[in-house]
Amino acid sequence: MDSLLPPAIGAAQAAMFGTDELYFVPIRHHSPACAMALRALLQSVRPAAILIEGPDDLNHLLPLLQHPQTRPPVAWLCQSTRQTRRAHGTDDPDEEARSAPETRTSFFPFCDHSPEWIAAREGAALGAQVALIDLPWSDKAWSGAEDEQDGATARGLMHERHFAHSHYLAAMAARLGCADHHELWERLFELRPVEQFSGDWHGFFADVLAWCAMARQDYEPAVLEAELSLPRERHMAAHIRAWRGKTSGPIVIVTGGFHTLELLQSWRKARPLKAAPEAGEAWLIRYSFDKLDALNGYGAGMPSPGYHQAVWERMQAGDTQPHRTVALDQLTALARRMRTQDQGDAASTALVQAAAAQALRLAALRGNAGPGRQDLIDATRSCFVKGAIDEGTRGFHAELRHFLAGTRLGDIPPSAGSPPLIEDARRLALAAGVRLDDSTPRNIRLDLYRKPRHRLRSRFFHA
Numbered sequence: 224m225d226s227l228l229p230p231a232i233g234a235a236q237a238a239m240f241g242t243d244e245l246y247f248v249p250i251r252h253h254s255p256a257c258a259m260a261l262r263a264l265l266q267s268v269r270p271a272a273i274l275i276e277g278p279d280d281l282n283h284l285l286p287l288l289q290h291p292q293t294r295p296p297v298a299w300l301c302q303s304t305r306q307t308r309r310a311h312g313t314d315d316p317d318e319e320a321r322s323a324p325e326t327r328t329s330f331f332p333f334c335d336h337s338p339e340w341i342a343a344r345e346g347a348a349l350g351a352q353v354a355l356i357d358l359p360w361s362d363k364a365w366s367g368a369e370d371e372q373d374g375a376t377a378r379g380l381m382h383e384r385h386f387a388h389s390h391y392l393a394a395m396a397a398r399l400g401c402a403d404h405h406e407l408w409e410r411l412f413e414l415r416p417v418e419q420f421s422g423d424w425h426g427f428f429a430d431v432l433a434w435c436a437m438a439r440q441d442y443e444p445a446v447l448e449a450e451l452s453l454p455r456e457r458h459m460a461a462h463i464r465a466w467r468g469k470t471s472g473p474i475v476i477v478t479g480g481f482h483t484l485e486l487l488q489s490w491r492k493a494r495p496l497k498a499a500p501e502a503g504e505a506w507l508i509r510y511s512f513d514k515l516d517a518l519n520g521y522g523a524g525m526p527s528p529g530y531h532q533a534v535w536e537r538m539q540a541g542d543t544q545p546h547r548t549v550a551l552d553q554l555t556a557l558a559r560r561m562r563t564q565d566q567g568d569a570a571s572t573a574l575v576q577a578a579a580a581q582a583l584r585l586a587a588l589r590g591n592a593g594p595g596r597q598d599l600i601d602a603t604r605s606c607f608v609k610g611a612i613d614e615g616t617r618g619f620h621a622e623l624r625h626f627l628a629g630t631r632l633g634d635i636p637p638s639a640g641s642p643p644l645i646e647d648a649r650r651l652a653l654a655a656g657v658r659l660d661d662s663t664p665r666n667i668r669l670d671l672y673r674k675p676r677h678r679l680r681s682r683f684f685h686a
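Each residue of the sequence shown is one higher than the last, beginning at 224 in the working numbering.
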């Protein structure tokens, strides 16, 4: 396969580890496979510094991310406000434009299996210097690529739209019988035997680089310049050159795989950085799995973060067949949930057994190391849905999607500086017995006349 790659990509694969003591690590955001391989790389290399794709005006938030009380999913909430000139009224064409404040907001999320999370936490544990090297958020917020953004709408700071629109990846997915680039990624990377992530991280990341670099071939330089990829890469390359000049020892560079090829080729000739940016206006906040789900519109997400969290936890427990274990656990939990909800067509034990067998057979047919997410979904649809797949009105598919997405909420330390209003609301919720540890919708019955605590809950809900 290597002989089929363009020469530039083959040369990059040969130079990505150890040249000038630099280790370029191409990742997919929130990938358990990338997170596992990155952890093995860091333990092997033991770098002096770790550079992470992220706005360099948010470096002051890294200690909070590394705090022992921080529990994913969490996110950096970034805001930038400037005065914009807007015309008031249309009746009088001579009316002067007036100045009005406009605020833009974005999120930079982390979960347990985000490679950036692993880099920040493992780097601190290894005693490495950790720094962010992307364009400041204050610059990105008002770039030409973002000018059409609705000022009232919060966006994700990370995105992977290039993979969704790649003709190369679409052709590869069609050839392998995959529904989209998400399933293609899972088939080629997530479903590898677990021992490969730690035993052959060189080969794993070389393959990630090829996957991302081939997707990049679909884009012309003018397009990459306009949508801010090239300016960001020039900025990151300048950081890499500066860090190499002032740091002795290995440096690990963790960035989205789409950028790695350009960084490898350009860091030596990068122009010096300007003055260090001022700290951006940003906070560490709690986040939830439903906002991390690619199926809910998150541009850098992987589908079903709850499912991937379960796989990650099994891998951390030393399970050599985590996908098999998770598939069986998820089928059992879904059937139990359907029975708890008193659904008339709830899955029986026999149906669970049939779905488990089908998931295993689909994985074997597709050449997967274990049942993947798509194998699990296909087996569930086949065995749990009775009759025509589109005749029901109960919303089984929406329920399945919600189940696989998960409902986990993260937590942050008190030193994160949450607004007093939020902290007071959390204190009142705790006193009223209202759960805030996940995002599951719940119905609560209140007996206001006989139970004082129910009256307290009622006041909280009305507030």
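Note that the Cβ used here is the ideal one computed from N, Cα and C, for glycine as well.
Query, Result
"THR688 - containing beta strand (DSSP E), residue span", "Residue 688 is absent from the structure shown; the chain starts at 224 and stops at 686."
"Helix, strand or coil at GLN372 [DSSP, three-state]", "Low confidence applies here, because GLN372 scores a pLDDT of 44, under 50, leaving its location unreliable; read the following figure in that light. Here GLN372 sits in coil by DSSP."
"Three-way DSSP call (helix, strand, coil) for PRO249 in this model", "strand"
"With 16 other Cβ atoms within 10 Å as the buried cut-off, status of ASN666", "exposed"
"CB-CB length for ARG439 against ASP634, believed under 8 Å", "Not really, about 37 Å apart at Cβ, beyond 8 Å."
"Identity of the residues DSSP links to ALA354 by a beta bridge", "LEU274"
"Cβ neighbour criterion (16 or more within 10 Å) applied to ARG562", "exposed"
"Rounded separation between MET459 and GLU276 - CA only", "8 Å"
"C-beta atoms of SER361 and GLY503 nearer than 8 Å", "yes"
"4 or more residues per run - each alpha helix (DSSP H) lying fully within the stretch 498 to 572", "512 to 515, 528 to 539 and 545 to 563"
"Three-pair Cβ contact test at 8 Å for the stretch 255 to 266 versus the stretch 399 to 419", "yes"
"Closest Cα partner of HIS341 within the set TRP299, SER389 and ALA260", "The sequence given here has Ile at residue 341, not His. Measuring from the Cα of ILE341, the nearest candidate turns out to be ALA260."
"Candidates GLU622, ARG668, ASP670 and LEU679, of which the one nearest ARG650 by Cα", "LEU679"
"Stretch pair the stretch 440 to 458 + the stretch 481 to 489: three plus CB contacts closer than 8 Å", "yes"
"ILE356 burial status per 10 Å Cβ neighbour count (16 or more: buried)", "buried"
"Length of the line joining the Cα atoms of PRO286 and SER638", "10 Å"
"PRO332, DSSP secondary structure in three states", "strand"
"Separation of ILE250 from PRO473, as counted between CA atoms", "19 Å"
"Buried or exposed by the 16-neighbour rule on C-beta atoms within 10 Å, applied to GLU418", "exposed"
"Backbone CA spacing between ALA602 and GLN581 [nearest angstrom]", "6 Å"
"DSSP-derived helix/strand/coil call for LEU669", "coil"
"Simplified DSSP state of GLN302, which is helix, strand or coil", "strand"
"ALA577 to GLN266 span [Cα, whole Å]", "42 Å"
"Beta-carbon proximity list for HIS290, same chain, < 6 Å, skipping 5 on both sides", "PRO636"
"Expected contact under 8 Å - CB spacing of PHE512 and PRO229 to nearest Å", "At roughly 38 Å, the Cβ-Cβ gap does not stay under 8 Å, so PHE512 and PRO229 are not in contact."
"HIS620, DSSP secondary structure in three states", "helix"
"Delimiting residues of the alpha helix (DSSP H) encompassing TRP490", "Neither: TRP490 is in no alpha helix (DSSP H) and is coded neither H nor E."
"Per DSSP, cross-strand counterpart(s) of PRO296", "Its beta-bridge partners do not exist; DSSP assigns none."
"Cutoff 8 Å; reference SER681; Cβ partners in own chain excluding five residues on either side", "LEU669 and LEU671"
"heavy atom of the ligand SAM below 7 Å from MET239 C-beta", "The ligand SAM is absent from the structure shown, which contains no ligands of any kind."
"PRO270 versus HIS677: straight-line alpha-carbon distance, rounded", "55 Å"
"Rounded straight-line distance, which links the Cα of HIS531 to that of VAL608", "24 Å"
"Cβ shell of ALA231 (< 7 Å), same chain only, five flanking positions each side left out", "none"
"Per-residue DSSP class, three states only, for LEU349", "coil"
"Where the alpha helix (DSSP H) containing CYS401 begins and where it ends", "Segment: none, CYS401 is in no alpha helix (DSSP H) and carries neither H nor E."
"Residue environment, VAL248, which counts as buried when at least 16 other CB atoms sit within 10 Å", "buried"
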